[in-house]
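Chemist: Residue numbers (our numbering), protein chains in the order written: chain A, 351 to 803; chain B, 216 to 682. Every residue, glycine too, gets a C-beta built ideally from N, C-alpha and C. Got a structure here, written out as structure tokens. Questions coming.
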């Protein structure tokens with residue numbers, strides 16, 4: 351899993367669960383406000399003596415200084431490497447001895463973390479989390495070690511076709527915009543990140559005004575409230591974030607080919623869609639489900655894998671940023687048949703835009719989207735994550751009860767209107783990594799700024 | 216979790232192949248690795264409280280009730296995998312797993328997954344050397360539907376030539392994605408084929424490309440008819456359902472399928488190993504250089520006494536986290552490794568594998584690293600481990616069991632894997648207890664038995680860009 355790649359996919363996966371629906375009475379979300387004004391959403395569940403916390407700050411790699419890409423990811427890798435009186439080894443030893451899982455992760459517009467602990471160790475777990483957020487040590491030798499670890503992993507990831515393709519795709523469609531820069535940075539940029547840069551991120555970005563918290567497990571509201579103050583209470587209250595302009599999404603006119611000596615080409619494709627808060631969001635979500643959504647029911651899967659055996663997997667997904675929304679997808683096909691796969695994808699794009707979808711397809715998609723939602727709430731970890739994401743997307747505490755209605759109210763006319771407006775084969779930007787044959791394209795010998803060397 | 220364990224190099228982990236895959240679920244791969252880390256061990260029955268019975272046709276049924284969500288996980292595990300394929304037909308078990316979705320008289324034309332989806336469910340399947348498993352996750356009121364569908368395809372698969380040819384192409388593309396496009400995966404394949412001299416674990420689960428291309432409908436049907444029978448299958452259900460609700464459904468759908476001939480697992484045996492082996496792959500696409508040492512070890516089933524449990528503890532002490540010896544010596548003190556890891560996988564029918572993985576920090580060579588690893592192994596073989604180390608490892612391992620109860624899907628995966636690799640529910644129950652029995656001497660004895668160079672392959676991935 352590429353770090354950058356992984357980050358973006360996690361971002362995606364965190365968003366996806368929100369589109370499912372839930373029997374309205376299945377989950378009771380409580381808003382808990384602490385004395386110091388920290389707010390969390392809680393789903394209490396006493397079945398298992400464990401507690402999960404998921405939190406997100408509305409900030410991320412987008413604010414990495416130019417030339418220091420990867421700073422936010424670097425911070426994420428450093429926060430559990432020593433804090434307060436505990437050096438890296440002691441901090442890690444404490445986590446391991448108490449079986450506490452504490453992880454941080456940077457996205458483009460999010461910096462999030464998860465804490466997973468036994469109830470009996472929760473006091474110490476909260477204490478360690480608080481230290482990590484407010485008193486990270488960033489000792490020189492630890493920074494040096496972790497930097498090398500990140501770079502080692504990055505080097506391997508930068509050889510993976512899907513990572514190469516994804517980086518080149520974003521870099522080319524978001525030229526001159528922060529969205530085009532990789533979350534994980536490059537070997538060169540990571541080398542330039544200083545301890546001061548790491549500290550600055552913690553000071554400026556981990557503030558209460560940007561904070562979102564979801565909690566689930568064996569803890570009551572009255573137990574949680576003082577803990578919220580203990581963990582997050584002393585974070586700085588406010589820090590204004592720099593506003594980024596709405597990006598201008600460029601179209602890659604002819605597919606970019608990045609040559610690699612591999613038998614199978616990896617293809618990324620995508621174009622403009624809508625943002626999360628757009629009135630057409632739910633129609634677009636259903637459209638993607640039918641066209642290329644996960645599983646075996648999509649049109650792309652039917653045409654490319656089931657009917658022709660061209661690929662093991664093909665799928666598309668929505669990628670909503672704060673300022674813009676995309677629909678992107680991928681497929682991996684043997685070099686000699688890339689052309690054929692691309693033609694089918696474009697044909698399906700065109701067909702959906704021109705002919706639209708059937709009532710039956712719409713009904714089946716709704717049934718899946720609504721019916722499978724409870725599957726995303728089968729552990730405290732998953733529930734805490736969903737709570738954080740509903741807040742991240744500003745959907746309101748009653749979202750889970752409204753969701754089925756939001757999905758069901760999409761009509762076939764609305765769906766087909768949206769497909770017609772959004773889907774345009776000529777706007778599909780395509781990047782291919784491999785050695786495709788019989789393809790008309792520009793060849794780029796991988797010298798983009800965030801390339802592998 | 217330590218940096219070391221965060222860097223779980225996917226292609227090195229003996230695992231399974233699943234039918235569906237896309238990069239959109241790169242996240243799922245990541246999650247699976249975390250889960251594998253956390254839940255790869257059998258968990259005490261006191262945690263899951265499994266109940267079980269056997270149908271008159273020999274099909275075992277296990278149920279774990281979990282009321283966390285109105286959801287059930289429904290799995291059927293067949294006690295057959297890639298290591299049961301006839302010689303020269305590698306990839307047969309996995310291709311058949313794919314084809315199981317193609318159709319029966321009742322549910323033709325690849326409708327299986329579509330029916331599950333429009334009933335709000337997800338479904339998939341996976342194949343290992345020892346088992347083939349099919350699962351659906353659905354809301355509780357859809358349990359009967361998926362039982363009906365799954366029981367139907369146990370005996371009523373209807374394949375045509377065209378479907379087989381197309382799916383063979385799909386599997387060849389899957390092989391390209393997983394293996395042929397990845398130097399690390401190619402090295403892993405070479406390493407496994409070297410580690411086992413004769414036993415079929417030497418063949419990749421997905422199969423060798425030239426053999427996949429030759430797989431025929433006749434071979435597939437023979438394999439299907441022989442192994443896809445109730446007396447070779449285990450139903451594992453978990454979630455919002457009781458045994459009283461499940462029993463009549465199991466009887467109605469699975470109980471009516473006739474028993475097949477008795478199956479005895481018999482595989483080619485491994486001769487003694489007399490020479491340590493090395494495989495090296497140098498590639499421009501290798502990325503970071505790395506070294507893996509793999510020792511053939513006993514599995515839970517073939518281990519004597521509590522040695523498998525002692526090996527789990529040994530792996531943890533050697534390279535399980537930031538307190539481990541390799542991490543402290545190589546990463547912290549000597550500053551020559553970027554990451555280290557030791558892990559032992561006893562969940563297999565015939566052999567477990569004990570692995571040590573290291574990747575160098577800049578400026579350090581693989582040779583230096585290998586020397587340091589060898590010294591650490593030698594030190595353990597001479598001095599053993601300490602009481603304190605054993606105590607700490609046992610506590611951490613036993614505690615990890617509690618977390619497994621939090622999830623609906625952990626229980627059926629752990630139980631299915633254990634039962635298809637020769638363990639019993641009693642074994643699963645006894646896991647924490649057996650770990651707690653392990654003494655310092657047991658760890659030393661297990662280390663002496665397994666960490667012998669002639670049992671091992673050292674595999675090295677080198678980037679040609681490193682010069």
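Could you name the residues of chain A that residue 354 of chain B contacts, counting a contact when the two beta carbons are closer than 7 Å?
Modeler: By Cβ distance, chain A contributes 721 and 724.
Chemist: Check whether the segment 619-639 of chain B touches the segment 541-560 of chain B, taking contact to mean three or more Cβ pairs, one atom from each stretch, closer than 8 Å.
Modeler: no
Chemist: For chain B, find out if any of its Cβ atoms is closer than 7 Å to the Cβ of residue 716 of chain A; answer yes or no.
Modeler: So no, residue 716 of chain A is outside the interface.
Chemist: Under 7 Å, do residue 655 of chain B and residue 602 of chain B count as touching if we go by C-beta distance?
Modeler: yes
Chemist: Where residue 634 of chain B and residue 346 of chain B are concerned, what is the direct C-alpha to C-alpha distance, given to the nearest angstrom?
Modeler: 10 Å
Chemist: How far does the beta strand (DSSP E) with residue 666 of chain B in it reach, from first residue to last?
Modeler: Run containing residue 666 of chain B: none; DSSP gives neither H nor E here.
Chemist: Identify whether residue 283 of chain B lies in helix, strand or coil by the three-state DSSP scheme.
Modeler: coil
Chemist: Under a CB-based cut-off of 7 Å, is residue 397 of chain A close to chain B?
Modeler: yes
Chemist: Using the Cβ count rule (16 or more neighbours within 10 Å means buried), how would you classify residue 381 of chain A?
Modeler: exposed
Chemist: Mark residue 675 of chain B as exposed unless 16 or more other C-beta atoms lie within 10 angstroms of its C-beta, in which case mark it buried.
Modeler: buried
Chemist: Give the secondary structure of residue 783 of chain A by DSSP, where H, G and I count as helix, E and B as strand, and everything else as coil.
Modeler: strand
Chemist: Can you list, in chain order, the residues of its chain with a C-beta nearer than 6 Å to that of residue 366 of chain A? Leave out the 5 residues immediately preceding and following it.
Modeler: Confidence at residue 366 of chain A is low in this model, with a pLDDT of 34, below 50, so its placement is unreliable and no value can be given for it.
Chemist: Using only alpha-carbon positions, find the residue among A/390, A/468 and A/589 that is nearest to residue 568 of chain A.
Modeler: A/468
Chemist: Kindly indicate if chain B contains any beta-carbon less than 7 Å away from that of residue 728 of chain A.
Modeler: yes
Chemist: Kindly provide the ranges of any beta strand (DSSP E) runs that are 3 or more residues long and lie completely inside the segment 382-427 of chain A, ordered along the chain.
Modeler: 389-394 and 400-407
Chemist: Based on Cα-Cα distance, which residue from B/652, B/632 and B/311 lies nearest to residue 643 of chain B?
Modeler: Answer by Cα proximity: B/632.
Chemist: Spatial neighbours of residue 566 of chain B within its chain, please: CB distance less than 8 Å, with the 5 preceding and 5 following residues excluded, ordered by chain position.
Modeler: In its chain, beyond the 5 residues on either side, 411, 414, 416, 485, 511, 512, 513, 514 and 517 have a beta carbon closer than 8 Å to the beta carbon of residue 566 of chain B.
Chemist: What residue range is occupied by the uninterrupted beta strand (DSSP E) comprising residue 563 of chain A?
Modeler: Where residue 563 of chain A is concerned, the enclosing beta strand (DSSP E) stretches over 561-567.
Chemist: May I have the straight-line CA-CA distance separating residue 662 of chain A from residue 485 of chain A, to the nearest angstrom?
Modeler: 47 Å
Chemist: From the DSSP secondary-structure annotation, give me the bridge partner or partners of residue 680 of chain A.
Modeler: A/618 and A/665
Chemist: Short check: CB of residue 734 of chain A to CB of residue 402 of chain A, under 7 Å?
Modeler: In this structure, residue 734 of chain A places its C-beta atom within 7 Å of the C-beta atom of residue 402 of chain A.
Chemist: Sorted by chain position, which residues of the same chain lie with C-beta nearer than 8 Å to residue 489 of chain B's C-beta, five sequence neighbours on each side aside?
Modeler: 669
Chemist: Would residue 614 of chain B and residue 562 of chain B be called neighbours here (beta carbons separated by less than 7 Å)?
Modeler: no
Chemist: Within 7 Å of any Cβ in chain A, is that where the Cβ of residue 503 of chain B sits?
Modeler: Proximity of residue 503 of chain B to chain A, defined by a Cβ-Cβ separation below 7 Å, is satisfied.
Chemist: Is it buried or exposed for residue 265 of chain B, if we count other Cβ within 10 angstroms and need 16 for buried?
Modeler: buried
Chemist: Using a beta-carbon distance below 7 Å, is residue 655 of chain A in contact with chain B?
Modeler: yes
Chemist: Residue 615 of chain B versus chain A: which residues are under 7 Å apart at the beta carbon?
Modeler: 449
Chemist: Given a limit of 9 Å on CB to CB distance, which residues of the segment 268-283 of chain B reach chain A?
Modeler: 281, 282 and 283
Chemist: Could you tell me the alpha carbon to alpha carbon distance between residue 366 of chain B and residue 531 of chain B, rounded to whole angstroms?
Modeler: 41 Å
Chemist: How do the segment 304-319 of chain B and the segment 466-483 of chain B stand: do at least 3 beta-carbon pairs fall below 8 Å, yes or no?
Modeler: By the Cβ criterion, the segment 304-319 of chain B is not in contact with the segment 466-483 of chain B, since fewer than three pairs of Cβ atoms, one from each stretch, lie closer than 8 Å.
Chemist: By DSSP's criteria, residue 568 of chain B is part of a beta bridge. Which residues make up the other side?
Modeler: B/511 and B/560
Chemist: Beta carbon of residue 653 of chain B, beta carbon of residue 528 of chain B: below 7 Å?
Modeler: Yes. Within cutoff.
Chemist: Of all the CB atoms in chain A, is at least one closer than 7 Å to the CB of residue 548 of chain B?
Modeler: no
Chemist: Output the distance between the C-alpha atoms of residue 439 of chain A and residue 310 of chain B, rounded to the nearest integer angstrom.
Modeler: 47 Å
Chemist: Check each candidate in B/289, B/277, B/373 and B/298 and name the one with the smallest Cα separation from residue 324 of chain B.
Modeler: B/373
Chemist: The ligand SAH heavy atoms versus the CB of residue 464 of chain A: any closer than 6 Å?
Modeler: For the structure depicted, the ligand SAH is absent and the ligand set is empty, with no information on it obtainable.
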